[in-house]
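Note that the protein sequences, when read in sequence, are chains U and H. Note that this note's numbering has the first sequence beginning at 39, numbered continuously upward. Note that this note's numbering has the second sequence beginning at 39, numbered continuously upward. Take a look at the structure set out below.
2 protein chains.
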Amino acid sequence: MSILVVGSVGLDDVQTPFGRRKGALGGSSTFFSTAASLYGQVRLVGVVGTDFPQEYTDFLANRGIDLRGLQVAEGKTFRWAARYDYDLNVAQTLDTQLNVFAQFHPQLPEDYRSSEYVFLANIDPELQIEVLEQVQSPRLTALDTMNYWIDFKKDALTKAMSMVDVVLINEAEARQYAQTFSLIRAARKLLDLGPKALVVKRGEYGAVLYVNGGNLCRSCFFAPAYPLEKIEDPTGAGDSFAAGFMGSLANSGDHGPEGLRRAVVHGSVVASFAVQGFSVDRLSTLTMKEIEGRYEDFKRFVSF
Amino acid sequence: MSILVVGSVGLDDVQTPFGRRKGALGGSSTFFSTAASLYGQVRLVGVVGTDFPQEYTDFLANRGIDLRGLQVAEGKTFRWAARYDYDLNVAQTLDTQLNVFAQFHPQLPEDYRSSEYVFLANIDPELQIEVLEQVQSPRLTALDTMNYWIDFKKDALTKAMSMVDVVLINEAEARQYAQTFSLIRAARKLLDLGPKALVVKRGEYGAVLYVNGGNLCRSCFFAPAYPLEKIEDPTGAGDSFAAGFMGSLANSGDHGPEGLRRAVVHGSVVASFAVQGFSVDRLSTLTMKEIEGRYEDFKRFVSF
């Protein structure tokens, strides 16, 4: 069982009410692969500059992540600076430097093409499409995106969404894409593009799963967010969610409604750990046993 | 089994993206009693002016609501005007005329004093305390409030909250009262006042139940909001929630954690119907069978 991820690998300068970190290991595919490597073999596709610290490469390699798809390009690594205030749902981006990421085109090593699970983290949808065109009959594909691509590359994003099995998206982005305040109408519009399932992420309010076909309202699934007294750093929550989600699907092989529900809970669990530390700090010590513990907590949170 | 409610009875001018209504039957105890009368005997305490339409009094009386506690005072009935935009979570109050409500002091008819369940809808906490001082050993008391009382009558509100068994409050108000963004810390602060349980209402994100004692995070209960494609008019959602909540507790007699969880789901169900019509339109045709149908839907929404 192999999970391919394409996305950013970068250096983050992050400030929250609980501390700050400069040049921390960041990027969507970093968070994803660090967490997903608990579930199975992860293959990473991305690019870093020649300034990327060896210790970060070692960290990823030591988790058994296949880095043959990680290009090293002349120049500087992608860099992102952000600040969170007490409302930790909203990142204020202070600076984004694409650097080597600006010229990036994903190139899959030959044996990556047969990856069974493919996750397209939040990058230019044109690059997401390039990856989808390189893989051969994966068992399940999913993508994440962000408001920037809805604003500036909506056609490419629409095409990418129509090519994958699962779309993961934030609530505000779902509404933005569909140009409606009604979340159910937004969900219907997104599912009409073709994916089998849609996961709407709602930050501290959890996530909703919509499955194509039938009555969208009555078949939907709600998972709360794991209640935490303190969120250290929300960066990477969405990518970590995706890791638990994809990892669970890959492990169970059940892509039906029940398997998708369990995957959403796994996503919520993994995201809850990710935000309890800066960068990948908490993910780096996370164990499957801890994941299973919170998975059981979720059952109690909703049982009546 | 008897449920006493004290709160406003008024005339609402409401405008939403789906229509408008002038002089509609409104007020917190109206919504509460209309819905709670499906669960048992409701006794209403409030005041109206001499302009209050007889058809509205008849409507309430025909639902079997005991109106001996509804004073009729010389003058005009309480009046509220509001507009909702597409984000139906937020009412923009256009006008509030207290009228006869300004001089109101609740006076409980003698046999109201032995009511077993007491709900103090959103009114001046000093009046809530007056009611609590008139009732004799009720089985369960609960109150709702709003930001206005947190701003201007915090001491009285604090006292009222310390006197009841259950506090129902909106998420933003919980944070405002506790002066913290962390919902768990806010919950702890509110429960430290003395109530056995706290229900935090989150609008379209559902509700959370916290029960005093033990680990607040791990013992909490999350209910989503019932997914609706169209919300006609959100007015009265919180009062209808309280009606389902109190009605369920009164019917089951189980005030423990499991009974409280089922009560939260009943609250969510009743609120979901209330918002599907203007004023009490949808509540007036609601049946227990419909409530039970959505109650079962909620089980599916969260099962994994």
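We treat Cβ as the ideally placed atom computed from N, Cα and C, and that holds for glycine.
State yes or no: is the C-beta of residue i within less than 8 angstroms of the C-beta of residue j?
i         : j         : result
H:Glu-168 : H:Pro-144 : yes
H:Leu-132 : H:Tyr-94  : no
H:Arg-117 : H:Gln-53  : no
H:Ala-159 : H:Val-43  : yes
H:Val-83  : H:Leu-146 : yes
U:Ala-210 : U:Ala-216 : no
U:Ile-103 : U:Val-80  : yes
U:Asp-182 : U:Gly-276 : yes
H:Phe-70  : H:Phe-157 : yes
U:Ser-257 : U:Leu-231 : no
U:Ala-212 : U:Leu-228 : yes
H:Gly-78  : H:Gly-285 : yes
H:Ala-198 : H:Gln-172 : no
U:Ser-220 : H:Glu-328 : no
U:Arg-338 : U:Tyr-264 : no
U:Leu-108 : U:Val-47  : yes
U:Asp-271 : U:Phe-316 : yes
Per DSSP, which residues does residue i bridge with? Please list them.
i         : result
H:Phe-259 : H:Leu-247
H:Phe-157 : H:Val-43 and H:Ala-180
H:Thr-131 : H:Ala-120
U:Phe-54  : Here residue 54 of chain U is Thr; the residue named in the question, Phe, does not match the sequence. Answer is U:Gly-57.
H:Lys-268 : None, per the DSSP bridge assignment.
U:Gly-64  : U:Gly-48
U:Lys-239 : U:Asn-208 and U:Ala-245
H:Arg-81  : H:Leu-42 and H:Asp-104
U:Ala-111 : U:Gly-87
Going by beta carbon distance, what residues of the same chain come within less than 6 angstroms of residue i, once the five residues before and after it are set aside?
i         : result
U:Val-138 : Val-85, Gly-87, Ala-111 and Gly-113
U:Gly-61  : Leu-49
U:Ala-73  : Ser-278, Ala-281, Val-308 and Leu-321
H:Ile-269 : Leu-126 and Val-313
H:Ala-261 : Gly-244, Ala-245, Val-302, Val-303 and Ser-306
U:Ala-235 : Val-204, Val-249 and Leu-298
H:Phe-311 : Arg-320 and Leu-324
H:Ile-161 : Gly-45
H:Phe-90  : Thr-115
U:Arg-106 : Pro-147
H:Ser-152 : Gln-174
H:Phe-259 : Leu-247 and Arg-299
H:Asn-208 : Lys-239
U:Lys-191 : Pro-163
U:Leu-170 : Met-201
U:Val-318 : Leu-63 and Thr-72
U:Arg-101 : Ser-75
U:Ser-66  : Gly-45, Ser-46, Ala-159, Asn-160 and Asp-277
U:Thr-68  : Val-47
H:Phe-142 : Val-85
Near residue i, which residues of its chain fall below 7 angstroms by C-beta distance, leaving aside the five closest residues on each side in sequence?
i         : result
H:Ile-222 : Leu-254 and Cys-255
U:Ala-119 : Asp-51, Leu-132 and Asp-133
H:Gln-214 : Asn-185 and Ile-188
U:Arg-226 : Leu-254
U:Ala-99  : Leu-105
Who are the near neighbours of residue i in its chain, counting only those whose CB is closer than 8 angstroms to its CB and skipping five residues on each side?
i         : result
U:Glu-154 : Met-39, Ser-40, Ile-41, Pro-176, Arg-177, Leu-178 and Ala-288
H:Tyr-124 : Pro-55
**OP:** Give the residues from the segment 150–173 of chain H that approach chain U closer than 7 angstroms (Cβ to any Cβ), ordered along the chain.
**Re:** Cβ contacts with chain U: none found.
**OP:** Output, in sequence order along the chain, the residues in the segment 92–126 of chain H whose CB is closer than 7 angstroms to any CB in chain U.
**Re:** The segment 92–126 of chain H vs chain U, Cβ under 7 angstroms: Tyr-124 and Asp-125.
Subject >> Where the segment 236–263 of chain U meets chain H: residues whose CB sits under 9 angstroms from a CB there >> reply: Residues of the segment 236–263 of chain U with a C-beta less than 9 angstroms from any C-beta of chain H: Arg-240, Glu-242, Tyr-243, Gly-244, Val-246, Leu-254, Cys-255, Arg-256, Ser-257, Cys-258, Phe-259, Phe-260, Ala-261, Pro-262 and Ala-263, listed in chain order.
Subject >> Interface positions of the segment 295–309 of chain H facing chain U (Cβ-Cβ less than 8 angstroms), listed along the chain >> reply: For the segment 295–309 of chain H, which is checked against every Cβ of chain U, the residues closer than 8 angstroms are Glu-296, Arg-299, Arg-300, Val-302 and Val-303.
**OP:** Could you run through the segment 199–221 of chain H and flag, in chain order, every residue whose CB is less than 8 angstroms away from some CB of chain U?
**Re:** So the list reads Phe-219, Ser-220 and Leu-221, given in the order they occur along the chain.
**OP:** Could you name each continuous alpha helix (DSSP H) segment of 4 residues or more that falls completely within the segment 271–302 of chain U, going from the start of the chain to the end?
**Re:** Within the segment 271–302 of chain U, the alpha helix (DSSP H) runs of at least 4 residues that lie entirely inside it are, in chain order, 275–290.
Original post:
Of all the residues that make up the segment 53–85 of chain H, which are near chain U by a beta-carbon distance shorter than 8 angstroms?
Top reply: Answer in chain order: no residues at all.
Subject >> Interfacial residues, the segment 319–336 of chain U to chain H, with Cβ spacing under 7 angstroms >> reply: Those would be Asp-335, in chain order.
Subject >> Members of the segment 134–145 of chain U that neighbour chain H once the beta carbon cut-off is set at 7 angstroms >> reply: Listed by position along the chain: nothing, the set is empty.
Original post:
Along the segment 261–290 of chain H, what residues have a CB closer than 8 angstroms to any CB found in chain U?
Top reply: Residues of the segment 261–290 of chain H whose Cβ lies closer than 8 angstroms to any Cβ of chain U, in chain order: Ala-261, Pro-262, Pro-265, Leu-266, Glu-267 and Lys-268.
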